[in-house]
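>
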Amino acid sequence: MKKYLIYLGLFAVVGIGLVYYYTQRDSRNDIKYRKAEESISALALFEAFEEDEEGALEKFLGKTVLVSGEIHSLDLTPEKATIVLDTGDPLSTIVCEMNHNLQSDFGMLSEGQSVEVKGECSGKLMDIILVNCILIN
1 MKKYLIYLGL
11 FAVVGIGLVY
21 YYTQRDSRND
31 IKYRKAEESI
41 SALALFEAFE
51 EDEEGALEKF
61 LGKTVLVSGE
71 IHSLDLTPEK
81 ATIVLDTGDP
91 LSTIVCEMNH
101 NLQSDFGMLS
111 EGQSVEVKGE
121 CSGKLMDIIL
131 VNCILIN
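Going by the working numbering, the first residue of the sequence shown is number 1, and it counts up by one from there.
1) So what's K59 in DSSP terms, helix, strand or just coil?
2) What number of angstroms, rounded off, separates the C-alpha of E97 from the C-alpha of P78?
3) If the criterion is Cβ atoms closer than 8 Å, does the pair E120 and T64 meet it?
4) DSSP state of A36, grouped into three classes?
5) Leaving out the 5 sequence neighbours to the left and right, which residues in its chain are closer than 7 Å to I40 when beta-carbon positions are compared?
6) Residues in the same chain with beta-carbon distance under 6 Å from K118, minus the five sequence neighbours each way, listed in chain order, please.
7) Write down the C-beta distance between D89 and H72 rounded to the nearest angstrom, noting that I regard them as a contact closer than 8 Å.
8) At what residue ranges does the stretch 43-121 contain a whole run of the beta strand (DSSP E), taking only runs of 3 or more?
9) In the DSSP assignment, find the beta strand (DSSP E) that holds N132 and state where it starts and stops.
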């Protein structure tokens with residue numbers, strides 16, 4: 001009977017640990033393992049939002065997107081890194097807020113460099129916003 005209680009207690013502890021892990025883990029870090037639902041150039045993404053913003057929101061909002069384009073500007077601080085991709089329109093760009101938990105070496109980047117960024121589309125204000133991004137190349 002004592003052995004049975006020990007096994008039952010051990011099983012309960014492992015079960016509670018698994019439930020805690022799957023409900024409390026940091027979902028921002030899983031972007032690295034998520035498959036991109038859309039792969040598109042910065043210019044094509046910009047044009048999709050310009051032509052039909054509602055349709056583009058329906059297609060891209062909340063989805064993991066792989067965007068390729070040239071770096072327009074960089075904002076690198078110890079707290080956060082933001083890569084801005086050029087769209088060809090001086091009034092609208094694609095702002096990629098980078099995930100510092102997965103990547104921290106942005107010093108090798110420069111304006112005009114071609115990059116691929118994977119992130120979650122959170123919509124468009126003046127600019128198209130991608131959050132929780134990582135560099136692919």
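Where a beta carbon is used, it is the ideal one built from N, C-alpha and C, also for glycine.
Let me spell this out:
1) helix
2) 13 Å
3) yes
4) coil
5) V65, V67
6) A36, L66, I134, I136
7) The Cβ separation is near 10 Å, so there is no contact.
8) 64-76, 81-89, 92-98
9) 128-135
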